[in-house]
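Working notes for the structure below.
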Amino acid sequence: MEILAIEGLTKNFYLHNLGKTIKSCRDIGFTLHEGEFIGIVGRSGAGKSSILKCINRTYLPLQGTIVYNSQAFGPIDLAQADERQMLQLRRYEIGYVAQFLNVMPRTTAKEHVMSALLEIGVAAGEAERRAKEMLDYFRLQEELWDIYPQTFSGGERLRLNLAHAMVKRPRLMLLDEPFAGVDPARTETLMEAVYGLGLPVLLCAHEHHTVALATRRVDLDGPPLHTIEETRA
Numbered sequence: 569m570e571i572l573a574i575e576g577l578t579k580n581f582y583l584h585n586l587g588k589t590i591k592s593c594r595d596i597g598f599t600l601h602e603g604e605f606i607g608i609v610g611r612s613g614a615g616k617s618s619i620l621k622c623i624n625r626t627y628l629p630l631q632g633t634i635v636y637n638s639q640a641f642g643p644i645d646l647a648q649a650d651e652r653q654m655l656q657l658r659r660y661e662i663g664y665v666a667q668f669l670n671v672m673p674r675t676t677a678k679e680h681v682m683s684a685l686l687e688i689g690v691a692a693g694e695a696e697r698r699a700k701e702m703l704d705y706f707r708l709q710e711e712l713w714d715i716y717p718q719t720f721s722g723g724e725r726l727r728l729n730l731a732h733a734m735v736k737r738p739r740l741m742l743l744d745e746p747f748a749g750v751d752p753a754r755t756e757t758l759m760e761a762v763y764g765l766g767l768p769v770l771l772c773a774h775e776h777h778t779v780a781l782a783t784r785r786v787d788l789d790g791p792p793l794h795t796i797e798e799t800r801a
């Protein structure tokens with residue numbers, strides 16, 4: 569089943585103090601299906617993150633359509649959706665992981681993952697059980713579960729970020745360069761874990777090795793900008 573269909577997506581930034589327009593992504597088009605993993609690769613400034621932020625509506629696209637097949641509203645153009653709709657979709661259906669960890673003060677790792685479930689009405693006991701399962705799935709050591717994440721290493725924070733986003737089993741997962749600075753072997757292990765959950769995933773990255781497990785690749789450096797390459801059988 570088709571989860572997402574993007575056509576003609578374009579995003580620019582206007583720098584008012586300089587009177588200049590910066591072109592980000594332009595005329596991007598591809599589809600994403602159930603269980604599929606698409607890697608978006610390109611140099612810095614090619615527009616990788618802009619694509620994901622337009623889908624998540626952190627950015628408002630200049631033009632184009634982003635049709636998402638949602639449970640709540642059916643097919644909906646995220647470029648035109650109102651804020652109420654986007655809040656519901658982010659809470660229940662669309663997961664987003666960036667490079668940085670954002671945790672409330674005095675919140676342990678386990679509590680952070682539980683919070684993703686508590687905010688959608690999951691009972692505390694069930695939220696704790698599922699949080700423990702996901703922390704274990706991403707191999708965050710159990711002795712860290714009741715510790716404040718501000719003390720964690722970069723790799724530990726990444727595992728916590730992934731557990732927090734995926735404990736709700738979102739229908740669409742957006743990974744915005746979360747593996748930047750992580751060594752290739754560790755990246756591959758974590759991506760195998762992500763892929764093993766069977767969720768439709770969009771991952772943007774600088775390095776091609778980061779998207780080695782992708783079923784398809786969107787290469788923003790090649791002609792045309794929205795080149796689609798098959799990478800897996």
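In terms of the numbering used here, the sequence shown opens at residue 569 and continues consecutively. All residues carry an ideal CB built from backbone N, CA and C; glycine is no exception. What you are looking at is a predicted structure, and each value in this text was computed from that prediction instead of being measured.
Same chain only: Cβ atoms within 7 Å of residue i, ignoring 5 sequence neighbours per side
i: PRO738; result: GLU661, ILE662, GLY663 and LEU767
i: ALA573; result: THR599 and VAL635
i: ALA684; result: HIS732, VAL735 and LYS736
i: ALA617; result: Note that residue 617 is Ser in the sequence shown here, rather than Ala. Result list for SER617: ASP744, GLU745 and CYS772, in chain order.
i: CYS593; result: LEU577, THR578, LYS579, GLY615, SER618 and ILE619
i: ALA761; result: TYR705 and PHE706
i: GLU724; result: LEU708 and LEU712
i: SER638; result: ILE644, LEU657 and GLU661
i: HIS777; result: PRO752
Simplified DSSP state of residue i, which is helix, strand or coil
i: GLY615; result: coil
i: GLY764; result: helix
i: ILE715; result: coil
i: LEU600; result: strand
i: ARG739; result: coil
i: LEU793; result: Residue placement at LEU793 cannot be trusted, given a pLDDT of 40 that sits under 50; the coordinates are not used to answer.
i: PRO643; result: strand
i: GLU788; result: What sits at residue 788 in the sequence shown is Leu, not Glu. Coil.
i: LEU583; result: strand
i: ARG674; result: coil
i: GLN648; result: coil
i: GLN709; result: coil
i: LEU758; result: helix
i: THR799; result: Below a pLDDT of 50, predicted positions are generally treated as unreliable, and THR799, at 46, falls in that range; the measurement from the model is reported next regardless. Of the three classes helix, strand and coil, the one that applies to THR799 here is coil, per DSSP.
i: LEU669; result: coil
Run of the beta strand (DSSP E) containing residue i, from where it starts to where it stops
i: TYR636; result: 631–638
i: ALA733; result: No beta strand (DSSP E) contains ALA733, which is instead part of the alpha helix (DSSP H) from 722–734.
i: GLU570; result: 570–578
i: LYS779; result: Checking the sequence, you will find Val at residue 779 rather than Lys. Careful: VAL779 lies outside any beta strand (DSSP E) and carries neither H nor E.
Burial state of residue i (16 or more Cβ within 10 Å)
i: LEU730; result: buried
i: HIS680; result: buried
i: GLY632; result: buried
i: PRO629; result: buried
i: ARG784; result: buried
i: GLU798; result: Note that GLU798 has pLDDT 46, beneath the 50 cutoff, so the model's placement of it is unreliable and the number below is only indicative. Result: exposed.
i: ARG625; result: buried
i: ASN556; result: Since the first residue of the chain shown is 569 and the last is 801, residue 556 is not available in this structure.
i: ALA753; result: exposed
i: ALA692; result: exposed
i: GLY610; result: buried
Chain-order list of residues whose beta-carbon lies under 6 Å from that of residue i (same chain, five-residue window excluded)
i: LEU686; result: ALA695
i: GLY722; result: none
i: MET759; result: LEU781
Opening and closing residue of the alpha helix (DSSP H) in which residue i lies
i: VAL807; result: Because the chain is modelled from 569 through 801, residue 807 falls outside the range shown and cannot be assessed.
i: ASP704; result: 692–705
i: TYR627; result: No alpha helix (DSSP H) holds TYR627; DSSP gives it neither H nor E.
Paired residues, beta bridge with residue i - DSSP
i: GLN593; result: Residue identity differs from the one stated: residue 593 is Cys in this sequence, not Gln. Paired residues: none, contrary to the question.
i: CYS772; result: ILE608 and ASP744
i: GLY663; result: MET741
i: LYS588; result: LEU583
Neighbourhood of residue i by C-beta distance below 8 Å, restricted to the same chain and skipping five residues each side
i: ARG674; result: TYR716
i: PHE720; result: LEU669, ALA677, LEU712 and LEU728
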